[in-house]
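K.L.:
Dumping the structure here so I can ask a few things about it.
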Amino acid sequence: MKEIQEENEVNEMNLKDLKEKLREITKEFNDSSEIFLKQGSQTFIKRISVKSTRKSNLKKWKQSGSTICGGNGRGDKLNQLSYPGGIFIDKHRNIFIADWGNDRIVRWKRNENQGTVVAGGNGKGNSLNQLNEPTDVIFDEQNNSIIIADFGNRRVMRWFLNTNQSEILIHNISCWRLTMDKFGFVYVSDREKHEVRRWKKGEKGEGTLVAGGNGKGDQLNQFNVPTSLFVDDKQSIYVSDLGNHRVMKWRKDAQEGIVVAGGNGKGENLNQLNCPEGIIVDHEGQIYVADIYNHRIVRWCEGDENGEIIVGGNGQGNEPNQLSYPRGLSFDGEGNLYVGDLENYRIQKFGLISWKRLNVEYIL
Numbered sequence: 001m002k003e004i005q006e007e008n009e010v011n012e013m014n015l016k017d018l019k020e021k022l023r024e025i026t027k028e029f030n031d032s033s034e035i036f037l038k039q040g041s042q043t044f045i046k047r048i049s050v051k052s053t054r055k056s057n058l059k060k061w062k063q064s065g066s067t068i069c070g071g072n073g074r075g076d077k078l079n080q081l082s083y084p085g086g087i088f089i090d091k092h093r094n095i096f097i098a099d100w101g102n103d104r105i106v107r108w109k110r111n112e113n114q115g116t117v118v119a120g121g122n123g124k125g126n127s128l129n130q131l132n133e134p135t136d137v138i139f140d141e142q143n144n145s146i147i148i149a150d151f152g153n154r155r156v157m158r159w160f161l162n163t164n165q166s167e168i169l170i171h172n173i174s175c176w177r178l179t180m181d182k183f184g185f186v187y188v189s190d191r192e193k194h195e196v197r198r199w200k201k202g203e204k205g206e207g208t209l210v211a212g213g214n215g216k217g218d219q220l221n222q223f224n225v226p227t228s229l230f231v232d233d234k235q236s237i238y239v240s241d242l243g244n245h246r247v248m249k250w251r252k253d254a255q256e257g258i259v260v261a262g263g264n265g266k267g268e269n270l271n272q273l274n275c276p277e278g279i280i281v282d283h284e285g286q287i288y289v290a291d292i293y294n295h296r297i298v299r300w301c302e303g304d305e306n307g308e309i310i311v312g313g314n315g316q317g318n319e320p321n322q323l324s325y326p327r328g329l330s331f332d333g334e335g336n337l338y339v340g341d342l343e344n345y346r347i348q349k350f351g352l353i354s355w356k357r358l359n360v361e362y363i364l
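Residue 306 in the UniProt record's numbering is what sits at position 306 of the sequence shown, and the numbering runs on without skipping anything.
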């Protein structure tokens, strides 16, 4: 912060109020590279120049992950996993894992060396105490339950953790992934119909179409096998469009989406994806993508042409700095990154090591 003397006069100001105004200006114009607010007839400020580099606000993680779940080969023991898919981390850092190959949901508490079966685990089947290739799970804190994409049974289920009772929420849907927004609406991707639908709590029937639904294709109003979902606070929906090798963003009530990652054909260049799955969008609007067949996690800023590899990308393998078909993706409350490492049968944690704030210069 500088005070500039002009014509032997020094502008005096309330620094506390001014700093708050500058923070508001920075937030409002975060996407701009250069902004000038010139003097008006009633202002004492001669000029404000805000120069920001959005990418300086990026987090970095350790490049070698630590195995916190599984990693003991493929199997059905409590310290093993079999093709882990979607993962969800609650505020206590309990990790819920859709253990696809074992037809169960496992909860792994912090610092434990084995998990607990909290749903399924009674063999493959369609009874209310069974699952069939579950692909995703989310935790509903409001009623201490989990919601499961029971893909093989074409249904979405709720499982109450206190009573171990379950119920079917949605019937006859090719459900691959799901998510919940801050209002309690549940969103489900349908691989067969190439669409995303939304259900409010207690709603039965077909729900509301919110993205896609125009057949299989690569137009902006279409998907080719939609998979993972993320919904932000404005109810914009981010969808991993697996067969089109891109991530789409559909704003609330939009008739078509925009490409926010990939969309340049299948490949390994930084402007490409190869079958994207798990996605997360942080508060800065940065998009994190599990790039399955490139064995890496990539971050994209909306509007950028290229992404950036944040972990993996060192070839397929089982070393701490490698991944093998990553699918699930999640953050804990401290910003550590968790990856469902499918064919290594493990969950990897990559610790957050730095977080650079916006590089903003104020000149008055």
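The beta carbon of each residue, even a glycine, is placed where N, CA and C say it ideally should be.
According to the Cβ coordinates, are Gly312 and Ile87 closer than 8 Å?
P.N.:
In this structure, Ile87 does not lie closer than 8 Å to Gly312 by Cβ.
K.L.:
Check Ser32 in the structure and name its three-state DSSP category.
P.N.:
Since pLDDT at Ser32 reaches only 48, below the 50 mark, its modelled position is unreliable, and no value is offered.
K.L.:
Write down the C-beta distance between Arg198 and Phe185 rounded to the nearest angstrom, noting that I regard them as a contact closer than 8 Å.
P.N.:
About 5 Å separates the two Cβ atoms, so the contact holds.
K.L.:
Spell out whether any CB of chain D is found under 8 Å from the CB atom of Gln316.
P.N.:
Absent from the structure is chain D; it holds one protein chain and no more.
K.L.:
Use the C-beta contact count for Glu195: other C-beta atoms within 10 angstroms, 16 or more gives buried, fewer gives exposed.
P.N.:
Counting Cβ neighbours within 10 Å, Glu195 comes out buried, since at least 16 surround it.
K.L.:
Distance check for Arg154 and Asn172, CA to CA, integer angstroms please.
P.N.:
So the two alpha carbons sit approximately 5 Å from each other.
K.L.:
Write down the C-beta distance between Val343 and Ser324 rounded to the nearest angstrom, noting that I regard them as a contact closer than 8 Å.
P.N.:
Here the sequence assigns Glu to residue 343, which means Val is not the residue at that position. Indeed they touch by this definition, with Cβ atoms about 4 Å apart.
K.L.:
Among residues of its own chain, excluding the 5 on either side of Tyr345, which ones have a beta-carbon nearer than 6 Å to its beta-carbon?
P.N.:
Here the set comprises Gly70, Arg74, Leu81.
K.L.:
For a test of the three-state rule: what should DSSP assign to Gln142, helix, strand or coil?
P.N.:
Note: Gln142 maps to helix in three-state DSSP.
K.L.:
Comparing alpha-carbon positions, which option in Ile148, Asp136, Asn94, Asn79 lies nearest Gln114?
P.N.:
Cα-wise, what sits closest to Gln114 is Asn79.
K.L.:
Which residues share a DSSP beta bridge with Gln80?
P.N.:
The partner list for Gln80 (beta bridge, DSSP) is empty, contrary to what the question assumes.
K.L.:
Quick check on the DSSP output: what are the complete beta strand (DSSP E) runs of length 3 or more inside the segment 94–143, in order along the chain?
P.N.:
Counting whole runs of 3 or more residues, the segment 94–143 contains the beta strand (DSSP E) stretches 95–99, 104–108, 116–120, 136–140.
K.L.:
For my contact list, Tyr338 and Ile89 are in at a C-beta cut-off of 8 Å; report their separation, rounded to the angstrom.
P.N.:
Rounded, the Cβ-Cβ distance is 6 Å, consistent with contact.
K.L.:
My parser needs the beta strand (DSSP E) runs of 3 or more residues fully inside the segment 210–293; what are they?
P.N.:
Fully enclosed beta strand (DSSP E) runs of 3 or longer: 226–231, 237–241, 246–250, 258–262, 276–281, 286–291.
K.L.:
I want to know whether the segment 266–278 touches the segment 214–223 - three or more CB-CB distances under 8 Å.
P.N.:
Too few Cβ pairs lie closer than 8 Å, so no.
K.L.:
Beta-carbon separation of Val156 and Ile170 under 8 Å?
P.N.:
For Val156 and Ile170, yes; Cβs fall inside 8 Å.
K.L.:
Exposed or buried, Lys60, counting other C-beta atoms within 10 Å across all chains shown (16 or more means buried)?
P.N.:
Lys60 is exposed by the Cβ-count criterion.
K.L.:
Can you look up Glu334 in the DSSP assignment and give me helix, strand or coil?
P.N.:
Coil.
K.L.:
Helix, strand or coil, according to DSSP, for Glu308 in the structure here?
P.N.:
DSSP places Glu308 in strand when its eight states are reduced to three.
K.L.:
What's the C-alpha gap between Trp250 and Glu305?
P.N.:
Taking the straight line joining both Cα atoms gives about 19 Å.
K.L.:
Tell me whether the beta-carbon of Arg246 lies closer than 8 Å to the beta-carbon of Glu277.
P.N.:
Their beta carbons are not under 8 Å apart, which means Arg246 does not touch Glu277 by this criterion.
K.L.:
Measuring only the C-alpha atoms, how far is Gln282 from Asn132?
P.N.:
According to the sequence shown, residue 282 is Asp rather than Gln. Whole-angstrom Cα-Cα distance: 32 Å.
K.L.:
In angstroms, rounded to a whole number, what distance separates the CA positions of Asn94 and Phe331?
P.N.:
So the two alpha carbons sit approximately 12 Å from each other.
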